[in-house]
Amino acid sequence: MVAKHQGRSGRPWARIKAQWKRTTRICYLCGAWIPDDVPWNDPLAYTVDHIDPRSNGGPPTMENTAPAHRRCNSRKGTKQLHELELLKTSRAW
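Residue numbers for the sequence shown follow this note's numbering, so the first one is 4 and each next one is one higher.
Printed below as a string of structure tokens:
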């Protein structure tokens, strides 16, 4: 028997994203508020990031995901949290 796909396009991923959206609107990478009135492609838009990236074998579970700005999520890429300098910037967003 083949396991159901639980990636970004699957129903479990939609449930995880919806659960996070109801829970918190704070970016776990930069600590700033994530607005809900911006388009999906805005740098400050709401995304759900995999803490341990899927490309490194991280599971698509609530424990391995957290809310993030699109900009912060993109800057993190496929790195682990300990590989980052916590996205340090000289700008005050």
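Here a beta-carbon is modelled for each residue, glycine too, at the ideal position from N, C-alpha and C.
- prompt: According to DSSP, what are the bridge partners of Asp52?
  reply: Ala69
- prompt: Hey, quick one: how far does the alpha helix (DSSP H) through Lys20 stretch, first residue to last?
  reply: Arg14 to Thr26
query: What number of angstroms, rounded off, separates the C-alpha of Trp23 from the C-alpha of Pro70?
result: 7 Å
- prompt: From Trp16 to Pro62, what does the alpha carbon distance come to, in whole angstroms?
  reply: 11 Å
field: Where His85 sits in the DSSP three-state scheme
entry: helix
message: Within a Cβ cutoff of 8 Å, which residues of the same chain sit near Met65, ignoring the five residues on either side of it in sequence?
response: Ile19, Gln22 and Trp23
- request: State buried or exposed for Leu32, treating a residue as buried only when at least 16 other CB atoms are found within 10 Å of its CB.
  value: buried
- prompt: When you compare only the Cα positions, how much space is there between Ile29 and Asp52?
  reply: 12 Å
field: Contact between the segment 38 to 54 and the segment 67 to 87 (3+ Cβ pairs under 8 Å)
entry: yes
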